[in-house]
Amino acid sequence: MIYRAKTNRFDNIEPYLEINIDDLSNFLTKNYSELGITKILFNPSSIAIHPITKEMYILSASDRFIAIYKDKQLINIIPLSAEKYYKPEGLSFYENGDLLISSEGDKKGFVTGSIYLIKNE
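With my numbering applied, the sequence shown corresponds to residues 143 to 263, in that order.
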């Protein structure tokens, strides 16, 4: 569930968007069957609004994908490679639409944290 509140009053929080796990699962099965995803563990770790399209990007760290919503409707899912995005935790946009994705490393230092820039095309 995504909630919203006025920025000057955090005590009046209300539901904004319910994330339907079945919608995510069906989209992935239909469009990315080669990935063999059978179970979704959607744990949102970051959210960002595209500055040009106003689409809502929601990052799931556990499943390593970005779910994209427009007008509260799921319009796309972008799977992220486990090799590159070890533990994706953050999203941000530049004004021109370029996307930044931060990925934590592991605690033992075998995998370093990284920030990736994805150019808006």
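C-beta: ideal position from N, C-alpha, C; glycine also.
| query | Going along the chain, which residues of its own chain have a beta-carbon closer than 6 Å to the beta-carbon of alanine 147, five neighbours each way excluded? | reply | Asn154 and Ile155
| query | Alpha carbon to alpha carbon, what distance is there between leucine 170 and isoleucine 268? | reply | Because residue 268 is not part of the residues shown, which for the chain are 143 to 263, the question remains open.
| Within this structure, are the beta carbons of asparagine 85 and aspartate 248 separated by less than 8 Å? | Nothing about residue 85 can be read from this structure; the chain reaches only from 143 to 263.
| Between Tyr236, Asn238, Ile260 and Tyr228, which lies nearest to serine 245 when the distance is taken from Cα to Cα? | Comparing C-alpha distances from serine 245 to each of Tyr236, Asn238, Ile260 and Tyr228 shows the shortest one belongs to Tyr228.
| message | Taking DSSP's pairing of strands, which residues face alanine 209 in a bridge? | response | Ile200 and Ile219
| task | Keeping to the same chain, check which residues put their C-beta closer than 8 Å to that of aspartate 165; ignore five residues upstream and five downstream. | result | Leu216
| query | How far does the beta strand (DSSP E) with asparagine 154 in it reach, from first residue to last? | reply | 151-159
| query | How should methionine 143 be labelled, buried or exposed, when 16 other C-beta atoms within 10 angstroms of its C-beta is the threshold for buried? | reply | By the C-beta density criterion, methionine 143 is exposed, having fewer than 16 other C-beta atoms within 10 angstroms.
| message | Quick check: the region 182-198 against the region 219-227, are at least 3 beta-carbon pairs closer than 8 Å? | response | no
| said: Going by C-alpha to C-alpha distance, which of Arg151, Asn150 and Ile161 sits closest to lysine 214? | reply: Ile161
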